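Shown next, in C-alpha cells, is the structure this report addresses.
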Amino acid sequence: MIGIVILNYNNWKDTRRCVESIQKNPPQDAYQIILVDNASENRPEYDLYTWIRRNRICFIANKRNMGYNAGNNVGIRKALESGCSAILISNSDVRYFTGSIQYMRDYLKRHPHVGIVGPKIVDRYGRMQKSCICRRTGLREKYLVCTKANLLFQKSYRSYYGFDRDYDQTFPVYAVLGCCFMMSKTCAEAVAPFDEHPFLYEEELMLGTRMEQAGFATVYYPCAIVRHLHGGSTKYRKAAAFTQNVCSEIYYCRSYLGAAKPQIFPLYGYRMVLYLLRCAGSREFRRYWRSFLKMTGAEMNGVKIKGVSEYPLVSIIIRTCGRPQVLKRALESIRRQTYPNIEAVIVEDGKNAAEEMLKKEYADMRFIYQATGTHAGRSKTGNLAMQLSSGVYLNFLDDDDELFPDHVQKLVHALHGRQERAAYSIAQERQTAVRPGNRPYIKKKYIRYRQPFYRLLLYAGNYIPIQSILFERSLFETYGGLDEEIGMMEDWDLWVRYSAVTDFVYVNQVTSCYYVPGKSADKKEREKNLRRDMQKLNKKFCSYQMNISVGQLRREMEYVIREYKNQGLLRYIRMFFRMFVLGER
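This is the structure in C-alpha cells:
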C-alpha cells in the first residue's frame, strides 16, 4: 500500500484539488491518503469533514502549526503504522497526471537500493521547473548558485540543478525537490523523522545529507510527471515564508556544513538587503520587519532543541595514539554538532603528538587533553578520559570515526524526560581500501546493524557500535568503566553490564559512521585480536547475573522467534544454549 501524505495550512481549496487529482488518476496499487492539517487559521468549507469521511481520508489535525518537516513527520508515522510499503510526500499545490504515482512506486520496486524517487515537475503552463539538485550544497553553492551571483556562474547553476543534462532521462541526483517525492518504507525508517528544527524550506538539502548518511540512492525519474503551482502553499504569508527561508538557510549552514558565523554573515547580509528591497513595495514586508530581525538574529546566534529547556553537558570521549591528522576527522564532526553544550575529552595513548595541533587549530572548541606518556592501552585511556570528563552524558568516539551533525541532539532528546539512562542510534559502516600510491578511499558504505534493544540479542553479540551510544555518567561512576584486560571488545562488555540495570532507548536514525579496513593485513590482524578477546569475554560473561522478569524474558524470546525464524532460528537457539547453559561459544 502507498501512503500519500498531504500537508495543509490555510489552503483547503488547493488541498481538495490535490486530492481530487489523485482520485482522478489513482495508482494501481492500494493507497491511503493521509491529510495532515497544521492548525490552519482559516475556517474550512462547510462540507469538508463530510467530504473527508466520504473519501475515506485519514485526517489528522495538529493542535499547533508545527512546520513543514514536523507536520510531515506526523503523516509519515501514521503511514508506517498502517504498514505502507511506500510513502509519497506531497505539497497541497501539486497536481497529478495519469500514472504519476504508480510510475514512482514501480521504480522503487525494481530498484531496492533506491530510497527516494522524484518526478519531473512542470508549472501551471506545462513549462519545466527545477526538479532536482545534482550535487551536495556547500557554502560555495550557497554563494554562487543560490544568489543572484548565478547570473555570472551559469555553468555552475545549470550543473547544480541538472539543466545541463537531458531532463527526459533518468539519472541519480543528490536530492529531489521537497514538493513531491516518494520514498520506500526501508528508507523512511532510516531517514525519518525529518529534522524538525527548520520550520520551512531547505528540507531537500537536509534530506539529501540524511540519504547520503543512510547509504540510499536518490533518483530523478521523468516518466512520472506532476504539476506544481509554485508558491501556492505559502501565497498568503510571503514575508513569513521569506523569513523562515532565511532561518532555515542559516541553520543548514551552521548545523550541516559546520560553518562559522563570519562565513555565513555575508549571505545573511545579502538576504537582509533583499528583504529591505521588498519592503519598498509591500506593506506586509514592512510590518514583518521586526520579526524578521528577531528570528533570523536568534538563528545566527545558535540553535535550540525543542522540548529541552536546559542543555546538560555532553562529554565526547576520544582515544588517540600519535596520529593528529586522523584525529581531525573526529574533532571536525564534533565542531559540526547542532547541540550547543559539548566538551571533547581527548586522551592520547603515549606521547603528546596532538597537543600542539589542538591548541593551534581547535582553540575555539571546549576540550580537555591529556597524554599518558607511555603506552597504556585502549581501555585504560578510555577510563582515564571518563574520569577527566565532567558531562552529565558520555559518548565515545574513536579518532578515525565521525558523528553526523545531529547525533548528540537526537540522543539527548531521546532521553529527555525518560527513565532510561542510555540511548543509541544506527551507525553507517564505511569499508576502506587503498589505491596505488597509498591513497585511501571509501570502497563501500552500508548499514550492518539496525537492531532495536533486546538484552538477549545483546548478550549473544554486540550490535551497538561504540560511537553510536550516549549514556549517563552515573553509570560509569556506579558500575565501573572499561575492562583494562580486554583490548578490542571492551565496549561490548560495558554495554552488557549497563544493560543489566537500565533499558536502552533505540533511535531509528543513522547519526554516525565508523571506518573498517577492507581486504588488508590490518583486517586480518583485527580479526585475530577479536577472536582473542572473545575467549576472555566468554569466561567473564559466565559470572554475570541478570535480573529479568518472566514477562520480559517472554517478550524478548517472542521477538527472537518472530524476527529470526526465517533466518535460521535453530542457529540462534544453539547460540543461546551454548552461552547460557554450557558457558561456551
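First residue of the sequence shown? That's 1 in the UniProt record's numbering, and the numbers climb one at a time after it. Beta carbons: idealized from backbone N, C-alpha and C, even for Gly. All of these numbers come straight from a predicted model, not from anything done at the bench.
Look at the alpha carbon of Ala460 and the alpha carbon of Leu470, and state the distance between them as a whole number of angstroms. 21 angstroms
Name the DSSP beta bridge partners of Ala423, please? Leu470, Val505
Could you pull out every residue in the same chain whose Cβ sits closer than 6 angstroms to the Cβ of Gly258, ignoring the five residues on either side in sequence? Arg335, Arg336
Look at the alpha carbon of Ala30 and the alpha carbon of Val145, and state the distance between them as a whole number of angstroms. 41 angstroms
Check each candidate in Arg448, Asp14, Met272 and name the one with the smallest Cα separation from Gln428. Arg448
Coarse secondary structure for Gln32, derived from DSSP in three states: strand
Near Met546, what residues of its chain come up, given a Cβ to Cβ distance below 7 angstroms and the 5 sequence neighbours on each side ignored? Ala500
Can a CB atom of chain C be found closer than 9 angstroms to the CB of Thr243? Looking at the structure shown, chain C is missing, and only one protein chain is on hand.
Which stretch, first to last residue, makes up the beta strand (DSSP E) that contains Arg439? 439-446
Compare the Cα-Cα distances from Tyr220 to each of Tyr252, Ser390, Leu177 and report the closest residue. Leu177
Would you report the Cα separation of Tyr174 and Tyr9, rounded to the nearest angstrom? 28 angstroms
Same chain, Cβ closer than 7 angstroms to Gly583, neighbours up to 5 away in sequence not counted: With a pLDDT of only 49 at Gly583, under the threshold of 50, the placement of this residue in the model should not be trusted; the figure read from the coordinates follows. Hits under 7 angstroms: Cys542.
Which residues share a DSSP beta bridge with Glu429? Tyr446, Tyr514
Beta strand (DSSP E) containing Val219: first to last residue? 217-228
May I ask you to report which of helix, strand or coil DSSP gives Val392? coil
Selected residue, minimal CA-CA separation from Glu332, among Glu361, Glu558, Ala353: Glu361
Could you spell out the range, first to last residue, of the beta strand (DSSP E) harbouring Cys58? 58-61
Name the residue from Val434, Gln451, Ile442 whose alpha carbon lies nearest to the alpha carbon of Ser425. Gln451
Backbone CA spacing between Gly487 and Asn529 [nearest angstrom]: 8 angstroms
Distance, Asp401 Cα to Gln370 Cα: 20 angstroms
Determine whether the beta carbon atoms of Val114 and Cys179 lie at a separation below 9 angstroms. no
Using beta-carbon positions only, say whether residue 586 and Gly3 come within less than 9 angstroms of one another. Outside the displayed span of the chain (1 to 585) sits residue 586, for which this structure offers no information.
Say yes only if the C-beta of Ile33 is nearer than 8 angstroms to one or more non-hydrogen atoms of the ligand ATP, and no if none qualify. The ligand content of the structure shown is nil, which means the ligand ATP is not present either.
Are Asn69 and Pro198 close, meaning C-beta to C-beta below 9 angstroms? yes
Buried versus exposed call for Leu276 [16 or more other C-beta atoms within 10 Å across all chains shown]: exposed
Mind checking Pro119: buried by the 16 CB within 10 Å criterion, or exposed? buried
Express the C-alpha separation of Cys134 and Gln154 in angstroms, rounding to a whole number. 15 angstroms
Three-state secondary structure (DSSP) of Val5: strand
Relative to the alpha-carbon of Ile317, which residue among Val408, Leu80, Leu152, Gln552 has its alpha-carbon at the smallest distance? Val408
Per the DSSP calculation, residue 594 is bridged to which residue(s)? What the structure shows of the chain is the stretch from 1 to 585, and residue 594 is not part of that stretch, so it cannot be assessed.
My understanding is that Val412 touches Val314, with C-beta atoms under 8 angstroms, so please give their C-beta distance in whole angstroms. 7 angstroms
So Met182 and Ser85 are supposed to be a Cβ contact under 8 angstroms. How far apart are they, rounded? Going by Cβ atoms, the distance from Met182 to Ser85 rounds to 11 angstroms, so no, they are not a contact pair.
What's the C-alpha gap between Glu20 and Phe97? 11 angstroms
Kindly list the residues whose CB is nearer than 7 angstroms to the CB of Pro324, restricted to its own chain and excluding five residues on each side of it in sequence; keep chain order. Ala353, Ala354, Met357
Please look up how many angstroms separate the CB atoms of Gln467 and Phe404, rounded, as I've assumed it's under 8 angstroms. Not confirmed; about 10 angstroms, so no contact.
Expected contact under 8 angstroms - CB spacing of Leu35 and Ile6 to nearest Å: 5 angstroms
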